[in-house]
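Numbering (this note's numbering), first residue to last: 4 to 299.
Glycine residues also receive a C-beta, built at the ideal position from the N, C-alpha and C atoms.
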Amino acid sequence: MTAVLDASGLGKRYRRRWALSDCTLSIPPGRVAGLVGPNGAGKTTLLHLAVGLLTPTAGTITVLGGRPAASPQQLARVGFVAQETPTYAALSVADHLQLGARLNPGWDSKLADSRIEQLGLDPGQRAGKLSGGQRAQLALTLAVAKRPELLILDEPVASLDPLARREFLQSLMEFVAGHEASVVLSSHLVADLERVCDYLIVLAAARVQLAGEVDDLLATHHRLTGPRRDPATLPAGQQVIEASHTDRQSTMIVRTSEPIHDPAWTVEQLSMEDLVLAYMAAGATVGRRPALEVQR
4 MTAVLDASGL
14 GKRYRRRWAL
24 SDCTLSIPPG
34 RVAGLVGPNG
44 AGKTTLLHLA
54 VGLLTPTAGT
64 ITVLGGRPAA
74 SPQQLARVGF
84 VAQETPTYAA
94 LSVADHLQLG
104 ARLNPGWDSK
114 LADSRIEQLG
124 LDPGQRAGKL
134 SGGQRAQLAL
144 TLAVAKRPEL
154 LILDEPVASL
164 DPLARREFLQ
174 SLMEFVAGHE
184 ASVVLSSHLV
194 ADLERVCDYL
204 IVLAAARVQL
214 AGEVDDLLAT
224 HHRLTGPRRD
234 PATLPAGQQV
244 IEASHTDRQS
254 TMIVRTSEPI
264 HDPAWTVEQL
274 SMEDLVLAYM
284 AAGATVGRRP
294 ALEVQR
């Protein structure tokens, strides 16, 4: 199977600063991949490289087996909604659909019209008069009516209220279910990702800290709580991601595919938020040690 996004040693530098460094990543087809990390982690840079808005300083990236934006045919296979969910304020909703039809040879007018009707948008209303949620839905309509194989979304719900976020994500999942598209969705809101994503990528300090199937990642990460212990004394198969200590107690988040038999530990499963925060904290030390191993 061809990965929908495949990067090897990918990097982007602005003068002396690396916005993305040594990114090696392979996202299988048919996934809804959540991309999460702190501000400045490189999320937008990675997505802009994937849609051809930026060119790499180092390494390689392919999308759906081809170079990003290499041809009109390649562009037609990818839908993109940028962080600011851009629309043209002076154009009406109908004008946007007509523009989409002219620019995209595979445009699905029936899908676009039905979405606008379902959303209750007035085709004659100018985009500048729409609410933030309505503009986001219009931008999503323009992206999905291309009938893309891959949909890339850069924090499209960041500025929306909870109800508008829920409606946007519901629309997204309806499209995915109906058209078998792959999605890469960047967001700060882990709760939203937890609802819709089955693949997770954590970026921190310009590097990929973790990537893999959500179910596999949750099954192989645990929180251990017990008497104070040096992390170096844990079995070799237990990779310590994060550790904290009091005078008498240690709490560690470890990654292991093996059962934990030590009766001294209380073992707890992690939520996706626990997992993300642990790797973001680990990524904060990336300048002092190598990035954590990425699950392929």
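heavy atom of the ligand SAM below 8 angstroms from V193 C-beta
Looking at this structure, you won't find the ligand SAM or any other ligand, since it has none at all.
W268 - partner residues in DSSP beta bridges:
Answer is none; W268 lacks a bridge partner.
DSSP state of T254 mapped onto helix, strand, coil:
strand
Local conformation of E170 per DSSP, three classes:
helix
Who are the near neighbours of G286 in its chain, counting only those whose CB is closer than 6 angstroms to its CB and skipping five residues on each side?
A207, A208, Q212
Counting Cβ pairs, one atom from each stretch, are 3 or more of them under 8 angstroms apart for the region 221 to 228 and the region 45 to 58?
no
Counted within 10 angstroms of its Cβ, other Cβ atoms place E296 as buried (16 or more) or exposed
Confidence is the limiting factor: at E296 the pLDDT is only 40, short of 50, which leaves the residue's position unreliable, though a coordinate-based value still follows. By the neighbour-count rule (16 or more Cβ atoms within 10 Å), E296 is not buried but exposed.
What number of angstroms, rounded off, separates the C-alpha of S134 from the C-alpha of A167?
10 angstroms
Run the CB neighbour count on L106, radius 10 Å, all protein chains shown included, and call it buried at 16 or more, exposed below.
exposed
To the nearest angstrom, how far is it from the Cα of D201 to the Cα of S274?
13 angstroms
Candidates C26, T5, S11, P31: closest to G215 by CA position:
P31
Outcome for A142 when other beta-carbon atoms lying within 10 angstroms are tallied against a minimum of 16:
buried
Leaving out five residues on either side along the sequence, give the residues of the same chain with a beta carbon under 8 angstroms from the beta carbon of R198.
L172
For a quick check, are the C-beta atoms of L196 and F83 less than 9 angstroms apart?
no
Alpha-carbon to alpha-carbon, H264 and A246:
19 angstroms
So the candidates are F178, R232, E170; which of them puts its Cα closest to the Cα of D250?
R232
Distance, A104 Cα to P71 Cα
22 angstroms
Burial state of A239, where buried means 16 or more other Cβ atoms lie within 10 Å
exposed
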